[in-house]
Structures are given as C-alpha cells and as structure tokens.
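What follows is a short report on a single structure.
In our numbering, the protein residues as written are 1 to 77.
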C-alpha cells in the first residue's frame, strides 16, 4: 500500500532539511502533452502516468537503488 499523506509530507520535510545548503542535480524531461494526458480520465491512471514520467527521468544507475521509504518505515506503509 501507499504511505499516508502525513507520512509522505514529513518525509519530504526531512529530505528538504537533509539537502539544505547542498547542490542538487535537476532533470527536465519532455512536456507531457494534452493529447497524451486528456484520455486519462481515471485519477489513478493519470497519477500513475505522472509518477512514471517523473521516475523515468532518473539516471539508469540510480534506478536500482531501492525503495523510497527507509526500511524501518516500509512495514508501516
């Protein structure tokens, strides 16, 4: 299952604090056009497509690094 919104937001805040003052690499992909997104009327299908679009931007070596959630939190999610 997915983690609760509160947990996800707290993890984002933790990551922002951890990365504060450091440089980060940014990748900008191709625009997802209206013709591709318009047929996705189902909210879950749309979110899955957006999620895939974001994670496809990761460099190949970073894709195999594992789960987003720390091991101690995976059971709670």
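Note that CB positions come from ideal geometry on N, CA and C, so glycine has one too.
query                                                                     : result
Simplified DSSP state of residue 28, which is helix, strand or coil       : coil
Span separating the alpha-carbon of residue 58 from that of residue 43    : 24 Å
Beta-carbon proximity check, residue 40 vs residue 52, cutoff 7 Å         : no
Separation of residue 16 from residue 47, as counted between CA atoms     : 23 Å
Nearest-angstrom Cα separation, counted from residue 35 out to residue 26 : 26 Å
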